[in-house]
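To keep things clear, I will list the structure first and then write my remarks on it.
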Amino acid sequence: MSLLVWFSAAVDWALCGALGFFKRVALGGGEGEITAMSSYVVQSGDTPSKIAAKFGLSMTAFMQLNPGLCWSPTQCQLIFPGQVLQVGEMVTAAAPLTPPWMQAAIGEIGVSEWPHGDNPRILAYLASVNIQGPDETSWCAAFTNWCLKMTGYPHRGSGRAADWFDWGRPVAPYYGCLVLLQPLAAGSSGHIGFLHALQGDRVWLLSGNSGNQVRIASYPQSKLIAGVPFRWPF
Numbered sequence: 552m553s554l555l556v557w558f559s560a561a562v563d564w565a566l567c568g569a570l571g572f573f574k575r576v577a578l579g580g581g582e583g584e585i586t587a588m589s590s591y592v593v594q595s596g597d598t599p600s601k602i603a604a605k606f607g608l609s610m611t612a613f614m615q616l617n618p619g620l621c622w623s624p625t626q627c628q629l630i631f632p633g634q635v636l637q638v639g640e641m642v643t644a645a646a647p648l649t650p651p652w653m654q655a656a657i658g659e660i661g662v663s664e665w666p667h668g669d670n671p672r673i674l675a676y677l678a679s680v681n682i683q684g685p686d687e688t689s690w691c692a693a694f695t696n697w698c699l700k701m702t703g704y705p706h707r708g709s710g711r712a713a714d715w716f717d718w719g720r721p722v723a724p725y726y727g728c729l730v731l732l733q734p735l736a737a738g739s740s741g742h743i744g745f746l747h748a749l750q751g752d753r754v755w756l757l758s759g760n761s762g763n764q765v766r767i768a769s770y771p772q773s774k775l776i777a778g779v780p781f782r783w784p785f
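FYI, the numbering for the sequence shown is 552 to 785, going by the working numbering.
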């Protein structure tokens, strides 16, 4: 019997992934053997078959290392950047770390508006752009600003998504970059979030004020603003 033991939460999970290993502690016999398990942090554009090929694995072997991921060599669940998968050999190249502001955003997933009163966490997002509640105020841009500000990176300082359209520098789609969408509702100036994944004609964002909460959700790529909808804060 064995138990997979994750590193302390104080150690950045993305750094662990970049190092290419996790600890496995064997229990129920002897001294508690510790062996290295190789792993890989999924990057934007990866597919199970691409990852398998990258490490010289057959899809059958890859499926055995990652039970439940695929039903057949050609039918697999959707994978996302930042996800950790097992591979058959030690990873020697360091994978890019998750942008710190994306880590902050991930930690906020589930924060939502309250049916009665105001959620103080959302009020904190709004305060980062000098807006005083209530939590029903459009707050996607405020959430984006808060994540960047809290991690010490340049931030626009505006609670209007449209004010971010030409801010930062244009980039190709990259995990954690800013994504700008056209207005999704009447009276909105647009929507902004962090890129989580691209899939077909959908773009997956980690954003605030998405269904009145912080969550990962998909939007039609047809809703991306014209020009360069992907931007980097510095």
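The C-beta atom is built at its ideal place from N, Cα and C for all residues, glycine as well.
Item: Please check the pair Ser679 and Asn670, which I expect to be a contact at CB under 8 Å, by giving their CB distance rounded to whole angstroms.; Value: Between Asn670 and Ser679 the Cβ distance is about 15 Å, and since that is not below 8 Å, they are no contact.
Item: Tell whether a beta-carbon distance below 8 Å holds between Ile776 and His747.; Value: no
Item: If you count every other CB in all the chains shown that lies within 10 Å of the CB of Gly719, and 16 or more means buried, which is it?; Value: buried
Item: Return the first residue and the last residue of the beta strand (DSSP E) that Tyr770 is part of.; Value: Arg766 to Pro771
Item: Flag this pair as yes or no: are the beta carbons of Ala655 and Met701 separated by less than 8 Å?; Value: yes
Item: For Arg672, report the span of its alpha helix (DSSP H) as first-last.; Value: Pro671 to Ala678
Item: Do Leu545 and Val638 have their CB atoms nearer than 8 Å?; Value: Nothing can be reported for residue 545, as the shown portion of the chain is limited to 552 through 785.
Item: Do Ala713 and His742 count as a contact pair if the criterion is CB distance below 8 Å?; Value: no
Item: Candidates Pro632, Leu756, Leu732 and Pro651: which alpha carbon is nearest Tyr591's?; Value: Pro632
Item: Candidates Leu674, Leu756 and Pro599: which alpha carbon is nearest Phe781's?; Value: Leu756
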